[in-house]
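Protein chains in written order, with the working numbering: chain B, 1 to 112; chain F, 1 to 114.
Where is the CB? At the ideal position from N, CA and C, for every residue including glycine.
Given the structure is predicted, the values throughout are model-derived calculations rather than measurements.
Notes for the one structure printed next.
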Amino acid sequence: GESVGLHLPTLSVQEGDNSIINCAYSNSASDYFIWYKQESGKGPQFIIDIRSNMDKRQGQRVTVLLNKTVKHLSLQIAATQPGDSAVYFCAGGSGNTGKLIFGQGTTLQVKP
Amino acid sequence: NAGVMQNPRHLVRRRGQEARLRCSPMKGHSHVYWYRQLPEEGLKFMVYLQKENIIDESGMPKERFSAEFPKEGPSILRIQQVVRGDSAAYFCASSRVDTYYEQYFGPGTRLTVT
């Protein structure tokens, strides 16, 4: 079946450094991907999405890269701040079903 | 500009009781999605609804769970005869009809079954 998975359960970075969170997926039919940030006790917060016909998309301090050849995407956070500490999920979807398949999540810890 | 609203935020039910979870989508959004999150896990899709119509319920357990999104009022996720394994956080998301890939989530309802 379909799966979306993150490579590392926990990532620890120094404040001010760049963070890279990785995600792999199995369904080559996935045509969009979304990154979410979830803080403790809260709902997932939309960060950025990317369609399968793109290989890069940039937002404010974030960049998502999509490599369809190896079915891999990454979220890069520039100049990581303490407020970036959270669990990050990648999710994939296909067609117009709206059904998202979520990965397990990577916990980002930012050290001051 | 209110986001997705869910209530109650916390719900405690005894085994065998019914749980009703409510979700009001963002203004201008006509599609609603329900997900379940067990502790230390990612979210699992349950059901996707439009007004008065279930589009995809492939993630819903076959028994005891039902969902609706009436013409007026919030979407309701209903769990009958709850069991301890139903304890989880239930999240609702919403999107516009033409941007289903931009789903915005509510704060969730944390259900505890005692």
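Cβ neighbours of residue i in the same chain (closer than 6 Å, five flanking residues each side left out)
{"i": "residue 65 of chain F", "result": "79"}
{"i": "residue 52 of chain F", "result": "71"}
{"i": "residue 52 of chain B", "result": "31"}
{"i": "residue 107 of chain B", "result": "10, 87"}
{"i": "residue 3 of chain B", "result": "26"}
{"i": "residue 24 of chain F", "result": "5, 74"}
{"i": "residue 114 of chain B", "result": "The structure shown does not extend to residue 114 of chain B, since chain B spans only 1 to 112, so no value can be given for it."}
Residue i, buried or exposed, once every other Cβ within 10 Å from all chains shown has been counted against 16
{"i": "residue 16 of chain B", "result": "exposed"}
{"i": "residue 97 of chain F", "result": "exposed"}
{"i": "residue 103 of chain F", "result": "buried"}
{"i": "residue 29 of chain F", "result": "buried"}
{"i": "residue 95 of chain B", "result": "exposed"}
{"i": "residue 91 of chain B", "result": "buried"}
{"i": "residue 14 of chain B", "result": "exposed"}
{"i": "residue 111 of chain B", "result": "exposed"}
{"i": "residue 79 of chain B", "result": "exposed"}
{"i": "residue 37 of chain F", "result": "buried"}
{"i": "residue 44 of chain B", "result": "buried"}
{"i": "residue 99 of chain B", "result": "buried"}
{"i": "residue 29 of chain B", "result": "exposed"}
{"i": "residue 83 of chain B", "result": "exposed"}
{"i": "residue 19 of chain F", "result": "buried"}
{"i": "residue 8 of chain B", "result": "exposed"}
{"i": "residue 95 of chain F", "result": "buried"}
Of the residues the options, the one placed nearest residue i, counting alpha carbons only
{"i": "residue 17 of chain F", "options": "F:68, F:81, F:86, F:56", "result": "F:81"}
{"i": "residue 76 of chain F", "options": "F:67, F:83, F:33", "result": "F:67"}
{"i": "residue 33 of chain F", "options": "F:114, F:84, F:69", "result": "F:69"}
{"i": "residue 26 of chain B", "options": "B:99, B:68, B:42, B:77", "result": "B:68"}
{"i": "residue 42 of chain B", "options": "F:101, F:93, F:114", "result": "F:93"}
{"i": "residue 105 of chain F", "options": "B:28, B:59, B:21, B:39", "result": "B:39"}
{"i": "residue 39 of chain F", "options": "F:85, F:99, F:95", "result": "F:85"}
{"i": "residue 20 of chain B", "options": "B:70, B:103, B:74", "result": "B:74"}
{"i": "residue 64 of chain B", "options": "B:71, B:56, B:18", "result": "B:56"}
Residue interval of the beta strand (DSSP E) (run including residue i)
{"i": "residue 37 of chain F", "result": "31-37"}
{"i": "residue 46 of chain F", "result": "43-50"}
{"i": "residue 37 of chain B", "result": "32-38"}
{"i": "residue 87 of chain B", "result": "86-93"}
{"i": "residue 113 of chain F", "result": "109-113"}
{"i": "residue 14 of chain F", "result": "Element bounds for residue 14 of chain F: n/a, residue is neither H nor E."}
Contact set for residue i: own chain, Cβ-Cβ below 7 Å, skip 5 residues either direction
{"i": "residue 108 of chain F", "result": "6, 89, 90, 91"}
{"i": "residue 54 of chain B", "result": "66"}
{"i": "residue 8 of chain F", "result": "109"}
{"i": "residue 102 of chain B", "result": "4, 89, 91"}
Residues of its chain near residue i, where Cβ-Cβ distance is below 8 Å and the 5 sequence neighbours each way are ignored
{"i": "residue 112 of chain F", "result": "10, 11, 12, 13, 87"}
DSSP beta-bridge partners of residue i
{"i": "residue 19 of chain B", "result": "B:77"}
{"i": "residue 76 of chain F", "result": "F:22, F:68"}
{"i": "residue 107 of chain B", "result": "B:10, B:87"}
{"i": "residue 4 of chain F", "result": "Partner(s): none; residue 4 of chain F has no beta bridge."}
{"i": "residue 56 of chain B", "result": "B:65"}
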